[in-house]
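**Student:**
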Amino acid sequence: MRLLETPEGDPSKLLREAMGVMLEMVDAAVRGEEADVRRLESTASELMESAIRASRRSEGLDPLAQGVLASLPHVVADAALLLRSRPEALDRVKRALSELLGGLAGGSGRRALTAATIAAELRERAMAEGASMGALVVLADLIMNVALKAVCPSLMEDQE
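Each number in our numbering comes from the position in the sequence shown (counting from 1) with 44 added on.
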């Protein structure tokens with residue numbers, strides 16, 4: 045999994061910045077600061093789109109995963125606001141996001157796989173709890189989708 049640097053910037057750095065903003069967004073939702081969540085959502089979206097543009101030529105990031113990554117800040121914002129009364133679930137979301145985006149930025153298939161595992165656990169828990177956790181199912185599916193698309197090429201590189 046390699047992200048190529050372009051004149052638009054270092055995609056790894058942009059992914060790390062987007063990750064930090066999304067983690068801050070989840071914290072703002074827990075505090076009930078919806079205006080801050082929406083402001084941070086816009087910033088995270090811009091950073092994510094810049095990272096995707098900067099890595100368009102990357103062999104390690106599947107084009108379908110790029111589309112899912114572009115929607116990630118919006119889904120995180122909505123899920124965080126809907127689940128703000130569930131800080132324990134949002135802590136797991138933060139860990140999954142950190143592993144996913146940190147793994148993509150650092151080229152670590154293991155971290156992406158860890159993100160997929162956390163997301164699968166979140167999805168299972170949300171499905172068991174029912175409709176009140178529906179937003180978590182969507183977010184977990186997105187995280188698993190990107191993580192698994194990132195893991196396969198990374199594992200191939202590790203074996204070479």
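Backbone N, C-alpha and C define an ideal beta-carbon position, used for all residues, glycine too.
#1: Determine the direct distance from the alpha carbon of G53 to that of G64, and round the result to whole angstroms.
#2: Quick one, are the C-beta atoms of M69 and A133 less than 8 Å apart?
#3: DSSP state of G151, grouped into three classes?
#4: I need the DSSP call for G111, collapsed to helix, strand or coil.
#5: Hey, out of A124, P131 and G153, whose CA is closest to L183's CA?
#6: If you run the structure through DSSP and keep just helix, strand and coil, what is E53?
#7: Residues in the same chain with beta-carbon distance under 6 Å from A163, minus the five sequence neighbours each way, listed in chain order, please.
#8: Alpha carbon to alpha carbon, how far is A109 from G151? Give it in angstroms, no decimals.
#9: Using the beta-carbon count (16 or more within 10 Å), is G153 buried or exposed?
#10: Once the 5 residues before and after V112 are set aside, which same chain residues still bring their CB inside 6 Å of it?
#11: Please classify E168: is it buried, with 16 or more other beta-carbons within 10 angstroms of its beta-carbon, or exposed?
#12: With distances taken Cα to Cα, identify the nearest neighbour of A175 among L126, H118, P107 and S56.
#13: For L157 versus V119, is the C-beta spacing smaller than 8 Å?
#14: Can you find the residues in the same chain that come closer than 8 Å, C-beta to C-beta, to L84, ignoring five residues on each side of it along the sequence?
#15: Hey, could you find the ends of the alpha helix (DSSP H) E85 is sitting in?
#16: Residues in the same chain with beta-carbon distance under 6 Å from A170, minus the five sequence neighbours each way, listed in chain order, please.
**Tutor:** Short version:
#1: Computed Cα separation, rounded: 17 Å.
#2: Contact check for M69 against A133 fails: the beta carbons are separated by 8 Å or more.
#3: In the three-state DSSP reduction, G151 falls in the coil class, being neither helix nor strand.
#4: Per DSSP, reduced to three states, the secondary structure at G111 is helical.
#5: Here the closest residue by C-alpha is A124.
#6: According to the sequence displayed, residue 53 carries Gly and not Glu. In this structure, G53 counts as strand in the three-state DSSP scheme.
#7: Within the same chain, A163 has close Cβ partners A140, A184, I187 and M188.
#8: Straight-line Cα distance between these residues: approximately 15 Å.
#9: With 16 or more other Cβ atoms within 10 Å, it is buried.
#10: Closer than 6 Å at the Cβ level, and outside the excluded window around V112, lie L186, N189 and V190.
#11: Burial is judged here by how many other beta carbons sit within 10 angstroms of a residue's own beta carbon; E168 has fewer than 16 and is exposed.
#12: Checking every option, the nearest Cα to that of A175 belongs to L126.
#13: Not a contact, by the Cβ cut-off of 8 Å.
#14: If you ignore the 5 residues before and after L84, its C-beta comes within less than 8 Å of the C-beta of V65, M66, E68, M69, A72 and A121, all in its own chain and listed in chain order.
#15: Where E85 is concerned, the enclosing alpha helix (DSSP H) stretches over E78 to A98.
#16: The beta carbon of A170 sits closer than 6 Å to the beta carbons of M177, L180 and V181 from its chain, once the five residues preceding and following it are set aside; these are given in chain order.
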